[in-house]
Amino acid sequence: MKGRYLRPSYALPEIYLYRVPIDFRKQANGLALLVEHELGHSPFNGALYAFTNRQRNKIKCLMWEDNGFILYYKALAEEKFKWPSPSDELMSLTGEQINWLLDGYDITLLKGHKTLHYEAVG
36 MKGRYLRPSY
46 ALPEIYLYRV
56 PIDFRKQANG
66 LALLVEHELG
76 HSPFNGALYA
86 FTNRQRNKIK
96 CLMWEDNGFI
106 LYYKALAEEK
116 FKWPSPSDEL
126 MSLTGEQINW
136 LLDGYDITLL
146 KGHKTLHYEA
156 VG
């Protein structure tokens with residue numbers, strides 16, 4: 036298997052998936068405005084924001100790094116990304132989950148068992 040070098044780090048502390056398809060003519064500044072005005076987040080805090088187009092065959096990721104924006108773009112030659120439904124605008128992801136999404140996995144199906152919280156044994 037080939038190494039994948041241009042991928043989001045597993046160690047990224049904040050990754051957000053914007054579930055609603057966007058106009059893919061938007062570049063870094065347009066996406067930063069979306070993050071700031073529609074989500075109420077600062078696009079300069081180092082978080083990674085992932086977006087898709089209406090056909091779900093392209094992904095753009097936006098992240099501020101020290102002195103400028105990084106814009107990651109991936110367009111599939113065939114198939115579509117398994118994008119979660121737009122029930123909520125924003126979904127928090129881990130570094131592993133964003134990489135699974137880029138590999139074509141349905142991240143909504145890759146969830147472990149729910150965490151249970153009990154107060155007593157019996």
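One gets my numbering by counting positions in the sequence shown from 1 and adding 35 to each. In this text, a Cβ means the ideal position worked out from N, Cα and C, and glycines have one as well. Small disclaimer: the values here were computed from a predicted structure and weren't measured.
Smallest Cα separation from I50: which of G75, I105, S127 and L68? S127
Suppose the cutoff is 8 Å on Cβ atoms and the five residues either side in sequence are ignored; what does the same chain contact list for Y125 look like? Just to set this straight, residue 125 is Leu in the shown sequence, not Tyr. These residues qualify, in order along the chain: Y51, L52, Y53, R54 and L74.
Tell me the residue span of the alpha helix (DSSP H) that contains E131. G130 to D138
From what residue to what residue does the beta strand (DSSP E) around L68 run? That residue, L68, is in no beta strand (DSSP E); its alpha helix (DSSP H) goes A63 to H72.
Tell me which same chain residues have a C-beta within less than 8 Å of the C-beta of L41, skipping the five on either side of it? Y107
DSSP-derived helix/strand/coil call for I50: strand
Which residues does DSSP list as the beta-bridge partners of W118? Its beta-bridge partners do not exist; DSSP assigns none.
Contact belief for L97 with P78 at Cβ below 8 Å, rounded distance in angstroms: 7 Å
Starting from the Cα of R89, find the closest Cα among K61, I105, D101 and I57 and give me that residue. I57
Would you kindly work out how many angstroms separate the C-alpha atoms of F59 and D138, rounded to a whole number? 20 Å
Cβ-based burial, I105 [other Cβ within 10 Å; buried from 16]: exposed
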